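Residue numbers (the working numbering): 1 to 454.
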């Protein structure tokens, strides 16, 4: 343990002292001088570091008893017995544990987490300084009664909270509690807290009794205020969109009806050129109406509660193709063994309708080919919709997903420029991604991922 060769039977006191770590030698020798004082007990116990000849530092735990010769007029130390064990590994473990605890403590402080321990035997709650601050207690109020803690609950939340707390002490349950609730500070300020609580039980005979509980609490007041602001703005946006859409569509309907009445009044006397202009007028009206509907759909994404149901993808795609009614000369090849997803049917239908509809609408041949493929991943599927159409130039790839950014709008007067923006927003709202691969004259493939369960 002291680094001497195994066959060393005797060493001098100086040789022993030479093994002491330089940082500790002076202090150790002072203590040794004290224990050989006959007026004392001759007992020494402590941990020390020693340095081996190789330079390795080891930590020893030493116990030493000095025995005195008191036969003469003056007592003097006769001999000492030493017992030592190597505690180097234990010290390393203790140091690592202390560092880990310090990192955890720092993390808790940085995260603003308040910790508390409730003792059911005494009805006392021990609070960390962070927890005391979260509940509105003074810095020196680190131990409070259960009643004092409950008195911080907001009056509108208290009855429901206490009923939930009463349930979690049932030994037949799991003792777990997770709630957001309000507290009222002594100055009247209301704060929102998110609390997680675990009750621990012990057995008294055949009966389980709550022993103690650990609480972890964070302040979510800012988050609640942000959500409330966003909710108010979303409601304002919904109202605005619906009002604007009504105010815009009403005159469109009037213009459309007026054009029909004019045609009826002038039936038989319209020139081919005038008839073409009337048809163009109604086409532009239909396009504007579709644009307004698209804006409404775009604004609703992520703010409506769509039901989750089992959706057979193959059936959904067949229904979508029937609705799109592609030219009979078009070929659409669909992968076999498409899955059934537990998802939002309407949203997935919108994605397929837009992507398949675009592949058909923007194709440059009546005998075009579309292939729908699929690849399974761990938690999602990746769908691929590929066509052999004119393709999209690389510099246009990012633009196609932006609202009102149709590719070659001068060639398609019926394109609103909203469809792919809707697709991207839906896919990302469901936690997926969408991308495209395309080169001019080599067709286009859109890839998007969709979770197996929404």
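All C-beta atoms, glycine included, are put in the ideal place defined by N, C-alpha and C. Since this is a predicted model, take the numbers as computed values, not measurements.
Can you tell me which of the three DSSP states residue i falls into?
i	result
residue 261	helix
residue 320	helix
residue 402	coil
residue 443	coil
residue 413	Any reading at residue 413 must be qualified, since the residue scores a pLDDT of 49, below 50, and its modelled position is unreliable; no value is offered.
residue 247	helix
residue 336	coil
residue 36	coil
residue 51	strand
residue 20	strand
residue 377	coil
residue 44	strand
residue 344	strand
residue 4	coil
residue 352	helix
residue 394	helix
residue 432	coil
residue 92	helix
Might you give, ordered along the chain, the residues of its own chain that have their beta carbon closer than 8 Å to the beta carbon of residue i, omitting 5 neighbours on each side?
i	result
residue 124	118, 143, 144, 145, 146
residue 299	237, 238, 241
residue 342	308, 309, 310, 311, 452, 453, 454
residue 294	416, 418, 419, 422
residue 321	332, 356
residue 432	380, 448, 449, 450, 451
Taking the DSSP output, what are the residues bridged to residue i?
i	result
residue 77	68
residue 86	60
residue 438	444
residue 369	331
residue 386	371, 445
residue 451	380
residue 177	197
Could you check if residue i is buried or exposed, using at least 16 other CB atoms within 10 Å of its CB as the buried criterion?
i	result
residue 435	exposed
residue 450	buried
residue 368	buried
residue 329	exposed
residue 229	exposed
residue 50	buried
residue 19	buried
residue 152	buried
residue 191	buried
residue 425	buried
residue 400	buried
residue 92	exposed
residue 283	exposed
residue 174	exposed
residue 378	exposed
residue 280	exposed
Between residue i and the rest of its own chain, which residues show a CB-CB distance below 6 Å, the 5 nearest in sequence each way excluded?
i	result
residue 116	125, 127, 131, 215
residue 383	374, 448
residue 410	Confidence in residue 410 is poor, its pLDDT being 48 and thus under 50, which makes the residue's placement unreliable; the coordinate value appears in the next sentence. Cβ within range, chain order: n/a, list empty.
residue 314	338
residue 413	The predicted position of residue 413 is uncertain, since its pLDDT is 49 and thus under 50; no value can be drawn from it.
Which residues in the same chain have their Cβ closer than 7 Å to the Cβ of residue i, if we skip the five residues on either side of it in sequence?
i	result
residue 289	249, 252
residue 388	368, 369, 443
residue 66	35, 36, 42, 77, 80
residue 23	none
residue 68	38, 42, 75, 76, 77, 78
residue 160	none
Chain C beta carbons: is any one of them nearer than 7 Å to that of residue i?
i	result
residue 294	Although the question refers to chain C, the structure presented lacks it and comprises just one protein chain.
*Mind pulling the alpha helix (DSSP H) runs of 4 or more residues that sit fully within the stretch 104-169?*
129-134, 146-150, 155-168
*Start-end ranges of the alpha helix (DSSP H) lying completely within the stretch 179-243, minimum 4 residues*: none
_Contained alpha helix (DSSP H) runs [length at least 4] in the stretch 255-314, N- to C-terminal order_ = 272-300
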